[in-house]
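Trainee: Protein chains in written order, with numbering that gives the first Met the number 0: chain F, 0 to 529; chain P, 0 to 536. Backbone N, C-alpha and C define an ideal beta-carbon position, used for all residues, glycine too.
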Amino acid sequence: MSDATFDAVIIGAGHNGMALAGYLAKAGWSVGVFEKRTEEGGALCTEELTRPGFLHNVHANYHTLVGICPVYDDLELVTRHGLRYVQPPVQMASVFQDGTALVVHTDLNKTCESIARFSRKDADTFRAVYEEARGYRDLILRTLMYSPPTSMKEITKALVAWGVEEKSKYLSVHLRHQTINEFLDHHFENDRVKAHLAFHASLAGYATDRKGLAVSFPLLLSKIDNWHICIGGSHALAHSLWEALAQAGGRVFLNHGVEKILVENGKAVGVRLEDGSEVRARHLVASSISLEQTFLQMIGRENLPASLTAEVEHFPHMDSTFFSVHLAMTKLPEYRAASFDPDVNQAWVVNLGYENQKQFNDDWRDVRAGKLLNPRPNAAVNSLYDPTDAPQGCYTGLLRQMAPYNLAKGGPQEWDKVAREYGQRCIDVWKTAAPNLSDDSFIDWATYTPLDIVRRMPNMVFADWIGGLIDLGNMLDNRPGPILSEYRTPIANLYMCGATQHPHGFVTFAPAYNALEIIAQDQHVERWWK
Amino acid sequence: MPDASYDAVIIGAGHNGLCLGAYLARAGLKVGIFERRHDEGGGAHTDEATVPGFWHNLHAQYMEFIEMMPFYRDFDLPSFGARVIKPDAQVGITFADGRPPLVIYRPELADRTHASIAYYSRRDADTFAAIRGKVLAANDYISAMLYSPPASEVKLEGGRSEAIMGRMLQLWLDLGFQPQEMNKCPKVLIDEVFESTELRATMYRQCVEWGANLHTADGFGFVMCVIWLCANHYMSIGGTHTLAHSMAAAALAAGADLRYNSPVVEILNSGGRATGVRLKDGRTIEARKLVASNADPKTTFVDLIGWDKLSEFRKERMSNWRFGPEHVLGTPSFALRAAPDYKSARHNPDINKCFYTIVGFENAQQVSDYILQAYGGQIPDLPGAGTWVNSLWDPSQAPAGMHTMNGWFFFPKASCLSAQEWDNVRRDYNGKFLELWNTYAPNMTRANVIADKLYVSLDMESRMAMPEGDFSHGRLSIMNPGMPRAHIYRSEMEGLYMCGASAGGGGISAAGGYNAYKVIANDYGLSKPWQRENRLY
């Protein structure tokens, strides 16, 4: 492009980059978003991977903060910009080998009835945790997710001052020393109930054996029924963000990869694009992409203090990623377990294979060791609730399997060799659980490996889909590390607004929303959104 | 109560729908564009079809109208991210026996084109240069013909309709043709004008690419369109979709709303006037002033309005409707480790860096036989193709050091084969092409291919809502610009307009959208930028 100037230059047109751009554009700023790929949306990526008309969500499939995250309302995504969601009434299920099933509904009573078939006590406990967490959910999410982070120490103090140990049955300052497993073992008794709740945590990137993650668990449970499908595929959210931004005067430039961030006198003043043109930023540059790209490539080691380089290089990436099979289907699965609970056939996301916590623990251990796991995929058929994602009479299916990026045997490149066979093994698990499915039920299927993630999304270093390990040591004011946390960087006017920042990736918008708050403070942006 | 209300409702976010939407929104109308797919651009479409990181244009490949397109300039599409380049070596044909390639360069490099054609025939080289020079000198008027609705719909200002047609006739005569030769089919005309089989093969292929029937369409159109635009091809940096994205961005910035995954299933009308649309999920959208359809006429009139509601005139037209052309694109995508290195390159290395390279045909007869097979409903035995390796100019379209290739086969219409037969074509035909390709470029071996995929007529139908894979919305005369086609912009239903390829022709010209705007601007008293700037079109 020819050289240009904007008030704000945003690197990366993922959902965080576009949301920040949207707020700034609506504040009257001129904003240019520069994206390396030929689509906006980043992980909000929907493609016809198998056959035309089958819309496969290649990355983000689950939208868990609809109705909670302020961005949807502030940018009028639903009311003005065409975004549509459906909240499946039957959200998730686990089907077990003996033909039983545990089903989570949006109707709490139904969920509790399902749990009660395994354990009456656990059903009561679940209801109690859910209701308690529901009570403080919005307050805590507002404070913890949608505000620039405070330290764990401050949070602990606040909880003690509030009298958490007396007032709450499940929240405790001691959770910061506990794993989700320990929380589950402490409060629940039935293996399968615990397995399903562990499955729920795993889907959100929360390892069940990692110390400290129990702190978030009551909150995860409080929105266990708030998982939404974006009608028309997750890319539709990107489109609505783009429309909000474009109608406010902002611009998104696709295939305009940033090569360098221009720094003069310690201040970020713009970017140089891969085509050599320069784009100046009057007020700020904000990066929504990885630390490695932003600092090591776009600023360059030679321009960075050793401490900052070390922080980037030692940033812990997520310890597991996923292998997917995307299927074009002519049948909906009918599970063996439907004779136990017919609702399982209506469940959006189904856990196929995890029966107890030990299996999770083993898999977390093995995936960290780079092993190809014995498949226990989860199956999601969005077409159950979004018929627009497949041709009439057909269905779009997704199998997701926890997987390492770097295979111990053969490294990441090995994925190209094993993908098809491993995909078939995942499908076979599904066929066993839902015997009406046969090879004839699939018009076509495509695998999507951890290596493919890296090929498509250069931002997802080591196929890290959530922008850094989910770990207490990598959260709050410590994410991604002491120097680069809290959205500011040592370079004036250079901000971080993506998944590497508190709280983490996923479709939360929180990194962008919190970066916006910091930017508003620094740059005196009028807060039209408050 | 409708679920939403707009002044203008546009059916389809193909590039023509986006163009019309942008102009209408800029003119102050509240515009809603309703798209069936999950993405904008229709045939202006790019996918990571083989391996992530390799970008493939599954449909529209080259942009021949960039220099003329009013939409591109009026909305300053580069300011929305559009970037195009025009490679030097444009159209080439290469040979398995290793004889020199024939390369046609961009118009500014006429000497090089002359030298390349002259290797086979000095007379052809002189003739090609003379015809091309005269046609290009009439560029403004040919463009005006493309970017003006027919005079039967809107009488152009200041006698322009007459001036444009007059200039065309004058050009035809200046080229040394008789008026009665206008209806000669392109093959006959090419054979009469050019003697070398190499140039004839290249011209046949270019003609077919235009969707023209080599054996029955009109020679006038061949000269005016094919010679005019041949080797003036631009490539969209980042893939064709990037261009569509900039068009959508222009429409959004002008205030239009763009709604994806919103197939229109009915055009609502009341008292003979189009009043809105109904979407597949039941929502109704009010159109206070007009509805414009970017879809093909059969879909628009028969499926969306309904047979019973059609006028006698339209029933008659639709009874005689046929999708066309007789041949449809099949798009092979190859992810390559190395770009092809042709035997013919030892004579002229430019063939290895030619934007569009014809592979698989040793002479003109083979091209003619090939296309006759497609016309006849068969998959051509000889799997020759036109090929593009866009990563030669735009490394962003492939991972570092690797290459992305797309081509065009020509296949019969979707309904000529069963779904199972198309599956077989998908499975086998790329492999056959690769074997043939290898005889032209010895490094094109299976080991050089990381992955490949073939997109066939049936895929085009289901993905793009181009019934039968028809990319030109009905069988076209090659000479459709300016001439009333069977289906024009203003329909017999008040407030219903056509804005797609059926009226303006296929290809990424945005003529359908722009001309529809001219007609609508005339009917509704909207601003007329071409008048303000006193442009020819």
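Taking the runs of the alpha helix (DSSP H) that are 4 residues or longer, which of them lie wholly in the segment 371–454 of chain P?
Mentor: Here the runs fully enclosed are 418–439.
Trainee: Go through its chain and collect everything with a Cβ distance to F/Ala247's Cβ below 6 Å, but skip five positions before and after it.
Mentor: For the purposes of this step, residue 247 of chain F is identified with residue 248 of the first sequence, where counting begins at 1. Result list for F/Ala247: Ala24, Lys25, in chain order.
Trainee: Between F/Thr37 and P/Thr241, which are expected to be in contact by the criterion C-beta below 8 Å, what is the C-beta distance as a whole number of angstroms?
Mentor: On the first sequence, residue 37 of chain F is found 38 positions in, with the first residue counted as 1. On the second sequence, residue 241 of chain P is found 242 positions in, with the first residue counted as 1. With 8 Å as the limit, F/Thr37 and P/Thr241 qualify as a contact, their Cβ atoms being about 5 Å apart.
Trainee: Decide if the segment 9–21 of chain F is in contact with the segment 31–51 of chain F; the criterion is three or more beta carbon pairs, one per stretch, under 8 Å apart.
Mentor: Yes, they touch.
Trainee: Just to confirm the assignment: which complete alpha helix (DSSP H) runs, minimum length 4, are found wholly within the segment 187–212 of chain F?
Mentor: Listed in chain order, the complete alpha helix (DSSP H) runs (minimum 4 residues) inside the segment 187–212 of chain F are 190–202.
Trainee: Within this structure, are the beta carbons of F/His503 and F/Pro148 separated by less than 9 Å?
Mentor: Position 504 of the first sequence, counted from the first residue, corresponds to residue 503 of chain F. Position 149 of the first sequence, counted from the first residue, corresponds to residue 148 of chain F. For F/His503 and F/Pro148, no; Cβs fall outside 9 Å.
Trainee: How would you list, in chain order, the residues of chain F whose beta-carbon sits under 7 Å from the beta-carbon of P/Val50?
Mentor: For the purposes of this step, residue 50 of chain P is taken as the residue at position 51 of the second sequence. Under the 7 Å cutoff, chain F gives Arg454.
Trainee: Any C-beta of chain P sitting closer than 9 Å to the C-beta of F/Arg250?
Mentor: If you number the first sequence from 1, residue 250 of chain F lands on position 251. Taking Cβ atoms only, chain P reaches closer than 9 Å to F/Arg250, which makes this a yes.
Trainee: Is the segment 56–71 of chain F touching the segment 154–164 of chain F in the sense that three or more CB pairs, one from each, lie closer than 8 Å?
Mentor: Cβ pair count under 8 Å is below three, so no.
Trainee: Can you pull the chain P neighbours of F/Asp439, defined as C-beta to C-beta under 7 Å?
Mentor: As a working mapping, residue 439 of chain F is identified with position 440 in the first sequence. Chain P residues near F/Asp439: none, gap ~13 Å exceeds 7 Å.
Trainee: Could you tell me if P/Trp306 is buried or exposed, where buried requires 16 or more neighbouring beta carbons within 10 angstroms of its beta carbon?
Mentor: For the purposes of this step, residue 306 of chain P is taken as residue 307 along the second sequence, with counting starting at 1. Exposed.
Trainee: Looking only at DSSP bridge pairs, what is P/Cys18 linked to?
Mentor: Within the second sequence, numbered from 1, the residue matching residue 18 of chain P stands at position 19. P/Cys18 pairs with nothing; no bridge assigned.
Trainee: Is F/His313 helix, strand or coil when you go by DSSP?
Mentor: The count along the first sequence starts at 1 and reaches residue 313 of chain F at position 314. Three-state result, F/His313: coil.
Trainee: Are the CB atoms of P/Ala520 and P/Tyr5 nearer to each other than 9 Å?
Mentor: Walking along the second sequence from the start, residue 520 of chain P turns up at place 521. Walking along the second sequence from the start, residue 5 of chain P turns up at place 6. No, these two residues do not count as a Cβ contact at 9 Å.
Trainee: F/Leu442 lies in the beta strand (DSSP E); which residues open and close that run?
Mentor: On the first sequence, position 443 is the one that residue 442 of chain F refers to. For the record, residue 442 of chain F in the displayed sequence is Ile; it is not Leu. Where F/Ile442 is concerned, the enclosing beta strand (DSSP E) stretches over 441–447.
Trainee: Just to confirm, is the Cβ distance from P/Lys517 to P/Val8 under 9 Å?
Mentor: Residue numbering aside, residue 517 of chain P sits at position 518 when the second sequence is read from its first letter. Residue numbering aside, residue 8 of chain P sits at position 9 when the second sequence is read from its first letter. Cβ atoms of P/Lys517 and P/Val8: not closer than 9 Å.
Trainee: On the DSSP letters alone, give me the boundaries of the beta strand (DSSP E) that P/Thr283 sits inside.
Mentor: Working through the second sequence from its first residue, we reach residue 283 of chain P at position 284. P/Thr283 -> beta strand (DSSP E) spans 283–292.
Trainee: Classify P/Trp529 as helix, strand or coil using the three-state DSSP reduction.
Mentor: Stepping through the second sequence from its first residue, residue 529 of chain P is reached at position 530. Three-state result, P/Trp529: helix.
Trainee: Check for me: the alpha helix (DSSP H) holding F/Ile154 runs from which residue to which?
Mentor: The residue given as residue 154 of chain F occupies position 155 in the first sequence. Counting along the chain, the alpha helix (DSSP H) containing F/Ile154 begins and ends at 151–161.
Trainee: Scan the segment 227–256 of chain F for residues whose Cβ lies nearer than 8 Å to a Cβ of chain P and list them as they occur along the chain.
Mentor: Residues passing the 8 Å Cβ filter: Ile230, Gly231, Gly232, His234, Ala235, His238, Trp241, Glu242, Ala245, Gln246, Gly248, Arg250, Val251, Phe252, Leu253, Asn254, His255, Gly256.
Trainee: Output yes or no for whether 9 Å exceeds the beta carbon distance between F/Ser323 and F/Thr448.
Mentor: Numbered from 1 along the first sequence, position 324 holds the residue referred to as residue 323 of chain F. Numbered from 1 along the first sequence, position 449 holds the residue referred to as residue 448 of chain F. Yes; because the gap between Cβ atoms is below 9 Å, this pair is in contact.
Trainee: Compute the beta-carbon to beta-carbon distance between P/Ile32 and P/Ala255, rounded to the nearest angstrom, for a pair I have assumed lies under 8 Å.
Mentor: Counting from one through the second sequence, the residue named residue 32 of chain P turns up at place 33. Counting from one through the second sequence, the residue named residue 255 of chain P turns up at place 256. Right, the Cβ-Cβ distance comes to about 6 Å (below 8 Å), so this counts as a contact.
Trainee: For a contact meaning CB atoms closer than 7 Å, what does P/Arg82 contact in chain B?
Mentor: No chain B appears in this structure, whose protein chains are F and P.
Trainee: Give, in chain order, every residue of the segment 257–280 of chain P whose Cβ lies closer than 9 Å to some Cβ of chain F.
Mentor: Those would be Leu257, Arg258, Tyr259, Asn260, Ser261, Pro262, Lys279, Asp280, in chain order.
Trainee: Do P/Tyr355 and P/Gly91 count as a contact pair if the criterion is CB distance below 9 Å?
Mentor: Here residue 91 of chain P refers to the residue found at position 92 of the second sequence. Here residue 355 of chain P refers to the residue found at position 356 of the second sequence. Taking 9 Å as the Cβ cut-off, P/Gly91 and P/Tyr355 qualify as a contacting pair.
Trainee: In chain F, which residues lie less than 9 Å from P/Leu251 when you measure between Cβ atoms?
Mentor: Along the second sequence, read from residue 1 onward, the residue named residue 251 of chain P stands at position 252. Correct list: Trp241, Glu242, Leu244, Ala245, Gln246.
Trainee: When DSSP labels each residue in this structure, what does P/Pro331 get in the three-state scheme?
Mentor: Start at 1 with the first residue of the second sequence, and residue 331 of chain P comes out as number 332. Of the three classes helix, strand and coil, the one that applies to P/Pro331 here is strand, per DSSP.
Trainee: For P/Trp54, go through chain F and note every residue whose CB falls closer than 8 Å to its CB, in chain order.
Mentor: To locate residue 54 of chain P, count along the second sequence from 1; it is residue 55. Near P/Trp54 (Cβ distances below 8 Å), the residues of chain F are Thr37.
Trainee: On the three-pair Cβ rule with 8 Å, is the segment 302–313 of chain F touching the segment 481–490 of chain F?
Mentor: Touching, yes.
Trainee: Going by DSSP, name the residue or residues bridged to F/Ala100.
Mentor: The count along the first sequence starts at 1 and reaches residue 100 of chain F at position 101. The partner list for F/Ala100 (beta bridge, DSSP) reads F/Val94.
Trainee: Which whole-angstrom value describes the C-beta separation of P/Phe322 and P/Glu208, a residue pair presumed to lie in contact below a C-beta threshold of 8 Å?
Mentor: As a first step, residue 322 of chain P must be located in the second sequence, where it is residue number 323. As a first step, residue 208 of chain P must be located in the second sequence, where it is residue number 209. About 18 Å; that fails the 8 Å criterion.
Trainee: Drop a sphere of 10 angstroms on the beta-carbon of F/Thr78, count the other beta-carbons inside from all chains shown, and report buried for 16 or more, exposed for fewer.
Mentor: Here residue 78 of chain F is taken as the residue at index 79 of the first sequence, counted from 1. Result: exposed.
Trainee: Counting Cβ pairs, one atom from each stretch, are 3 or more of them under 8 Å apart for the segment 115–126 of chain F and the segment 472–482 of chain F?
Mentor: Touching, no.
Trainee: So the candidates are F/Asp427, F/Ala132, F/Asp274, F/Gly369; which of them puts its Cα closest to the Cα of F/Lys408?
Mentor: Counted from its first residue, the first sequence places residue 408 of chain F at position 409. Answer by Cα proximity: F/Gly369.
Trainee: Hey, out of F/Gly466, F/Leu218, F/Ile9, whose CA is closest to F/Leu140's CA?
Mentor: Taking the first sequence and counting its residues from 1, one reaches residue 140 of chain F at position 141. The shortest Cα separation from F/Leu140 among F/Gly466, F/Leu218, F/Ile9 belongs to F/Leu218.
Trainee: Buried or exposed for P/Gly481, going by 16 or more other Cβ atoms inside 10 Å?
Mentor: Within the second sequence, residue 481 of chain P is the residue found at index 482, counting from 1. Caution applies to P/Gly481, whose pLDDT of 41 falls short of 50 and renders its modelled position unreliable; the model cannot decide the point.
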